[in-house]
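Peer 1:
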Amino acid sequence: MAAELPILSIRPDTRPWTYRVTVVEKQNVRSAKASPIKFMPMILMDSTGTKVQATAFQGDIEGIDQRLTLYSTYLVSNAYVKTITDIRFCVDNAYPYVWSFTRRTLIQDVPVEEGQDFRQLAEADTTPFTEIFACYMHSERISKFFFSHHVFFQF
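The numbering of the sequence shown is UniProt numbering, which starts it at 1 and goes up by one.
#1: Using C-beta distances below 7 Å, list every residue in its chain close to Thr-83, excluding the 5 sequence neighbours before and after it, in chain order.
#2: Roughly how many angstroms lie between the CA atoms of Glu-123 and Tyr-71, to the nearest whole one?
#3: Using C-beta distances below 7 Å, list every residue in its chain close to Met-137, excluding the 5 sequence neighbours before and after it, in chain order.
#4: Mapping the DSSP letters down to three states, classify Tyr-95 as helix, strand or coil.
#5: Kindly provide the ranges of any alpha helix (DSSP H) runs that are 4 or more residues long and lie completely inside the segment 31-92, ordered along the chain.
#6: Quick check on the burial criterion: 16 or more other C-beta atoms within 10 angstroms. Buried or exposed for Lys-51?
Below, the structure is given as structure tokens:
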């Protein structure tokens, strides 16, 4: 097996590679807008805090979903690496790639004691509500945001 590499060193032409990653978010299965293809996006993070979106498509969704547990750490090899064309869909501005998981993607469990504590790495990745329009106008990535609005009625 290849040496474990950090996410930032893995590009579409990198072969062979293995990465240690923690599943920090699993999203619902969606349908593509322009076709009937279904996909399931996930957010993965390495020990340096770098995040990447991994996606399972169509017939691979059920197997990948059952195999990967939220907040668990894995060694993964053979994922297909593709460049993101629209940076707004990138989960980490430092890494403009997305990974596709298939049946050929090798996923190995990492014992709990060797796993990463993602909570130390996961900083608040939010875009303040007041900056969302500016991000949109400059084609910058808009991360998750929290909007709290208190309404006070005066009679």
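Glycine included, every Cβ here is placed at the ideal spot set by N, Cα and C.
Peer 2: Quick look at the numbers:
#1: In the sequence shown, counting from the first residue as 1, residue 83 sits at position 83. Only Pro-12, Pro-96 and Tyr-97 meet the Cβ criterion.
#2: For the purposes of this step, residue 123 is taken as the residue at position 123 of the sequence shown. For the purposes of this step, residue 71 is taken as the residue at position 71 of the sequence shown. Residue placement at Glu-123 cannot be trusted, given a pLDDT of 47 that sits under 50; what the coordinates show is reported in the next sentence. Roughly 15 Å separates the two Cα atoms.
#3: In the sequence shown, residue 137 corresponds to position 137, counting from 1. So no residue of the chain qualifies.
#4: Counted from its first residue, the sequence shown places residue 95 at position 95. Correct three-state label for Tyr-95: coil.
#5: 61-67
#6: If you number the sequence shown from 1, residue 51 lands on position 51. Lys-51 comes out buried.
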